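Those protein sequence lines, which keep their order, are chains U and P.
Each step along the first sequence adds one to the number in our numbering, with nothing skipped, and position 674 is 687.
Each step along the second sequence adds one to the number in our numbering, with nothing skipped, and position 291 is 304.
There are 2 protein chains.
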Amino acid sequence: MIPPAIAHTQPATAGLLSLLAATPQPPDSQNESSHSQAWKDSGVIDLSRSPHAKLKTVPVRAVTIQEGFWSPRRKTNLASSIPTMRNELLAHGRMDNFLRLEGKSSAPQKGPVYSDSDIYKWAEAVGFALQTADQPQLRETTAAMIREVVATQEPSGYLNTYYVDDRKPLRMQYDTQTSGHELYCIGHLLQGAIACYRATGDRTLLDAGIRFVDGFLLPNYGPGPNQKGIVAGHPEIEMALVELYRTTGEQKYLQLAGYILHGDERIPLRPQQIAYMYCGSPFTSRTRLEGHAVRAMYACCGATDYYLETGDQAYWKTLNTLWDDLTRHQLYVTGGVGAREAGEAFGDPYELPNARAYGESCAAIGMMMWNWRMLAASGEARFTDVIERALYNGINSGMSLDGTTYCYRNPLAFDPSGNASDRNAPEGLIRNPWYDTTCCPPNLERTFASVPGYFYSTSPKGVYVHLYDNSEMNWHLHDGNGLKIQQATGYPWSGQVKLTVSPATPAEFAVFLRIPGWSAKNSVKVNGTPVNGVRAGEYLAVHRKWSANDVVEMEFDMTTHMLKANPAVTEDRGRVAFQRGPIVFCMEHIDQPDRLDRASATNLSAYAVHLDASTNARFDANLLDGVMTLEHPGTIRRTSADPGLYYPASAAVETQEIPTTLKLIPYYAWANRGPAAMQVWIPYLQV
Amino acid sequence: MIPPAIAHTQPATAGLLSLLAATPQPPDSQNESSHSQAWKDSGVIDLSRSPHAKLKTVPVRAVTIQEGFWSPRRKTNLASSIPTMRNELLAHGRMDNFLRLEGKSSAPQKGPVYSDSDIYKWAEAVGFALQTADQPQLRETTAAMIREVVATQEPSGYLNTYYVDDRKPLRMQYDTQTSGHELYCIGHLLQGAIACYRATGDRTLLDAGIRFVDGFLLPNYGPGPNQKGIVAGHPEIEMALVELYRTTGEQKYLQLAGYILHGDERIPLRPQQIAYMYCGSPFTSRTRLEGHAVRAMYACCGATDYYLETGDQAYWKTLNTLWDDLTRHQLYVTGGVGAREAGEAFGDPYELPNARAYGESCAAIGMMMWNWRMLAASGEARFTDVIERALYNGINSGMSLDGTTYCYRNPLAFDPSGNASDRNAPEGLIRNPWYDTTCCPPNLERTFASVPGYFYSTSPKGVYVHLYDNSEMNWHLHDGNGLKIQQATGYPWSGQVKLTVSPATPAEFAVFLRIPGWSAKNSVKVNGTPVNGVRAGEYLAVHRKWSANDVVEMEFDMTTHMLKANPAVTEDRGRVAFQRGPIVFCMEHIDQPDRLDRASATNLSAYAVHLDASTNARFDANLLDGVMTLEHPGTIRRTSADPGLYYPASAAVETQEIPTTLKLIPYYAWANRGPAAMQVWIPYLQV
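Laid out in structure tokens, this is it:
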């Protein structure tokens, strides 16, 4: 029953095992040498020993984000989001669930079946935050919480506060595996544990995770005749197990991840379940994205992780097929995915509704994490373009500017008078401080906390620059030569980026500069000399001998584009979206100089833009913490009377087009000034 | 805690009670006298004594549908649908659930919590069918099933096969009331029982229903200090209780219906539950349609029934507000309602997606039943227009032409390559013989079986003619004068209708002729003489002295219309729908003379129609059991290459418009030739 992929990779992993025979460094090691295996040197994911990773991650702590676009977001994350989310977790009994099992609380179990994961995801956000910020109090508070968590672990290694007492017999039953989220919780425990370990060297939570896997999971679940079947009802454990393998060198974790990705035929599953869970049949048999979007994205993360370690070409083929499906049929212009509210699911090809867009924050994050892995496997900038689209737009929209409220859904149009609520937002608001299913808030927090880790990669040839913001990287090339890169830029508002590249010792290597796919005209100069061969949507490899303070000056094309969607996207027909640089814009009712009355405002489609006019961009330092705004000539369409719901096409409906100027703001900043009508896709005047 | 409405109506109901003092006729009575209160003389609902019903129903059996549009549908319903659905019910353990409790089956409980209602709804379909068809075997089979059902009734009157054994303590707990469907099942039991009683006079199931209400429900649930709270988690019991009041004359049933419609403040409900269930707060406080569409429609039926008996103006005001919301914002051009799959719910105003339309068959049926009650209360043809739109299109689409498969969802566009499945259609097909939640199939069967009951009404002034098809009515006016009306017509394919009106004794009265709202030009002649004052969307009252064989000749305008939707319906922008007479059309890929290749066919939006061309209608007797087809000039848009998911509006996308002729079929007949791409709203060429 062992999937063929494992067998194929035996030679590779055998070699890998010998490589891993070296004793791991003690957690308190301060060794920063270039080939150190220490906890401090690992990136968002640790690809340092992954044989099929063309690019290697750079530690989060190696990159310091300075004043610029991401800095206020990250400061707010640390100062407001992470502490207020802790308060919310406590207020909603998420720690009491653990304390009760220790006899320290008499509160009843609270929250859905996956509530333990809320703590683990928050701990992961803390772990990433502590990798760049010295916060002794946060560190100690979190360590204390982790001690309470670990205290509830059973001698068998089992750890879950929901499947206790009367529910104990349900543990890991097949029905529980498909819907009970036990392994989902452990996956998040492991990810949180690893982020904390990489921040502080503290193995407390990590060891608990290992005890679960070694003591409870591996002996009882797997292909063996005395083992029971295993399925990830909500994928997450796969990528966690691969990261545990990367962290410990223990191949058994990689094997189990592969086994889960292959699916266990002993578990009876309906086709609908296999589609919805995105697990339970061989991952390599998938041909399209479907089912629950977060599940599918996490499964793709795990599968790419598995490929990065094994090089299994069947996985790589499937992953590329799925990525084509993503980018050809399923991706919102904001980088959101999972269009359908019912089942929080991927829809049909081109099913991309606007007001009813689900676009769960977690799904966009999972999509970005998957593309990060695809980028590492390939070194191709098309993946970075997708990462950037999601990060700056459909993920960035998920957290309010003050860092205390969050979007679960990220629609592309909004009518505040409408029935906008969903099961997760009982108050009908789009931004809320808490959801009973509170996956998105800590997921957003971990993403902003880990952003520095997405700026650079290294390869045997040199260094890759993926993202642009004022920042300083201090890391090294594969040969150990120290490397500092300073970025000075007004990105994403400005297209000018200045890099100062300073190897410790002058050396010949390549700096791979990402030329964004959206930038039509680009120029790159090194120490004032133009570089040829710059192509949008690719990495420009600048091979040369680099010395301290070499300067790279880039200029990207910040022309605002109106985008059309494929005609098959029915809701976007006759509409355009505005994009300038990586930023996708939207119009909110509140900003329009000639506002419709309140009744008409709920549906903004009475506004229309002129296709043949040009857009004026203006930075407004006082608006929404400082944003670029767009102004574009358009009209307000007034009709003499409501034509009714349906009317003959031959009927004369008197319409009047009143000239106006439409004002747009970045999509990520919407809904920060109370509920207001919003749309990304704006009707255009037919000519 | 008794809602004020009850108190207001005490005088009316007191008078009513004295009227009802007459002993009911024995079930085997053959008395057909004009003022008989016998079971045989009641209509789809019995409004004969409803003080606020301007129109009175005509018995289903009084109208014989002859060869024409509805005849094959109704024959198939009786010959195929009802028998095959019985087999499905048996195969899926729905009768075993009862037999088990009698010790006659060892099968475990099967099906969801509301599975008893499947039997009751099917029994209701049989009841209506037996009102016009003499089917001794079906009658006896059904009676035998009913005997098994009734045998499981407990001495307390309680009857439900799900809340037994371990689940007994959950009975009527507040959580169970909101989601356990006990009263929903009893509501359907009562409706099924009344339909059977009105067919055969057999009171077996009716008496069981009365025992439940009298023995179990009324003593324990209600406003009294020793009673517990009551809420309809899925409205249905309200209209069933009013019909039970109409059938028995017992005012207590009407009072309980009013109490449930008012809501019981003692039951703690979240705002979301109150919205979703459409129950739990005063019905008269509602201002819009929201939540689960079938629940909302059934609640509106119950509330209108309550108004018909009490005349409570607060109800009438609310009902009209909700109807405006329905027709201004929420109604598909097919007559479907409940746009949103998530929660099977009404969406925001103008949220009317096409491919993702939910449009559950049951919701359209509930919507038609509500409009039937509004029509009775008002005598206004705008309600009949809505009834006709739903009946001929969005309800009619719910059953396959062979009568053995059913739509749960009724989308307005379909892509067979897509992920069309929903939780109710595990195989991903749009028409299925069985759903685990099998509400729609028997609901469609009862609708087709009861269609004759919707053709006519009477009032003190005369007779109303609502629907047109070859048929013969044999009934009487309020003064007892016998009345026969013969219809001869090719409706809905032809606009010519000939009525032969024959009172038993020549008399002065009015024939109210419905002039459909879609018909722009109309002519009406009586015995060859034109009648003036004919207005579309109204009843034309022809007051005169009528004698045997008086002839009314009507001609409606069968010009095909292209309809546009309100611009706020984002998915319909730049598209038109075709309607001819009451029939809404669609295009299926299979019919197009110049078909796109298979890959492009899944999204039909490459086809476009010319707005300024005229449509050719042609009857095809060999297609889909005989349908009118439409042909309209259009184009196929071919683009040089896939422009991608998003592309700059300024990009030159080479498109070629290839002239073609689009062919359309009636929407109700779609998906009868295997899965094929379909769309109701077709793009038009911008001029």
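Every residue, glycine too, gets a C-beta built ideally from N, C-alpha and C.
Quick caveat: nothing in here was measured; it's all calculated off a predicted structure.
- The beta carbon of U/Ser618 sits closer than 8 Å to some beta carbon of chain P.
- U/Arg224 and U/Thr165 have their C-alpha atoms roughly 13 Å apart.
- The beta-carbon of U/Glu551 is placed no less than 8 Å from the nearest beta-carbon of chain P.
- Scanning chain U for C-beta atoms nearer than 9 Å to the C-beta of P/Asn333 yields nothing, as the closest lies near 17 Å away.
- At a cut-off of 8 Å between beta-carbon atoms, P/Asn367 makes contact with chain U.
- Counting only runs of 3 or more residues that sit fully inside the stretch 457-491 of chain P, the beta strand (DSSP E) segments are 469-472, 475-478, 484-489, in chain order.
- Burial state of U/Leu103 is exposed, judged by a 10 Å Cβ sphere holding fewer than 16 other Cβ atoms.
- Here P/Asn562 is exposed: its Cβ has fewer than 16 other Cβ atoms, across all protein chains shown, within 10 Å.
- Chain-order list of chain U residues neighbouring P/His342: Leu658, by C-beta distance under 8 Å.
- Within chain P, no residue has its beta carbon less than 7 Å from that of U/Glu393; the closest one is some 17 Å off.
- Separation of U/Ser663 and U/Lys676 (C-alpha to C-alpha, rounded to the nearest whole angstrom) is 34 Å.
- For the pair of segments examined, the stretch 142-162 of chain U was found to touch the stretch 83-97 of chain U: the number of CB pairs separated by less than 8 Å reaches three.
- The residue among P/Tyr133, P/Gly351, P/Tyr176 with its C-alpha nearest the C-alpha of P/Val163 is P/Tyr133.
- Between P/Cys314 and P/Ser374, the CB-CB gap reaches or exceeds 8 Å.
- Taking C-beta atoms under 8 Å as the contact rule, P/Pro232 and P/Ala312 fail to qualify, at a distance of about 25 Å.
- Beta-bridge partners of U/Ile498 (DSSP): U/Met486, U/Val514.
- Taking CB atoms only, P/Met575 has a neighbour in chain U less than 8 Å away.
- Taking a C-beta cut-off of 7 Å against chain U, none of the residues of the stretch 445-466 of chain P qualify.
- The shortest CA-to-CA distance from U/Ser55 to any of U/Gly214, U/Lys577, U/Ile159 is the one to U/Gly214.
- For P/Asn333, the three-state secondary structure derived from DSSP is helix.
- With a threshold of 16 other beta carbon atoms within 10 Å, P/Thr300 falls short and is exposed.
- The alpha carbon of U/Pro64 has as its nearest neighbour, out of U/Asn384, U/Lys117, U/Ala389, the alpha carbon of U/Ala389.
- Rounded to whole angstroms, the separation of the alpha carbons of P/Glu153 and P/Asp147 is 11 Å.
- Neighbours of U/Asp428 in chain P, taken as residues at a C-beta separation under 7 Å, are given in chain order as Asp361.
- Counting other Cβ atoms within 10 Å of its Cβ, P/Glu601 reaches 16 or more and is therefore classed as buried.
- Closer than 8 Å to the CB of P/Gly508 there is not a single CB belonging to chain U.
- Within chain P, the residues whose beta carbon sits less than 7 Å from that of U/Gln699 are Gln699, listed in sequence order.
- Annotation: U/Leu321 to U/Glu256 spans about 11 Å, alpha carbon to alpha carbon.
- In this structure, the alpha-carbon of P/Thr583 lies about 6 Å from that of U/Glu584.
- U/Asn100 sits exposed, since fewer than 16 C-beta atoms from the chains shown fall within 10 Å of its C-beta.
- In the same chain as P/Val71, and ignoring 5 residues on each side of it, the C-beta atoms closer than 6 Å to its own belong to Gly56, Tyr469, Trp488, in chain order.
- Per DSSP, U/Arg279 is not a residue of any alpha helix (DSSP H), being assigned neither H nor E.
- CA-CA distance, P/Ala501 to P/Lys511, rounds to 5 Å.
- At a cut-off of 8 Å between beta carbons, U/Pro580 contacts chain P.
- Within chain U, Arg586, Gly587, Gln699 have C-beta atoms less than 9 Å from the C-beta of P/Gly587, given in sequence order.
- Residues of the same chain with a CB within less than 8 Å of the CB of U/Ala581, apart from the 5 flanking positions on each side, are Pro362, Tyr363 in chain order.
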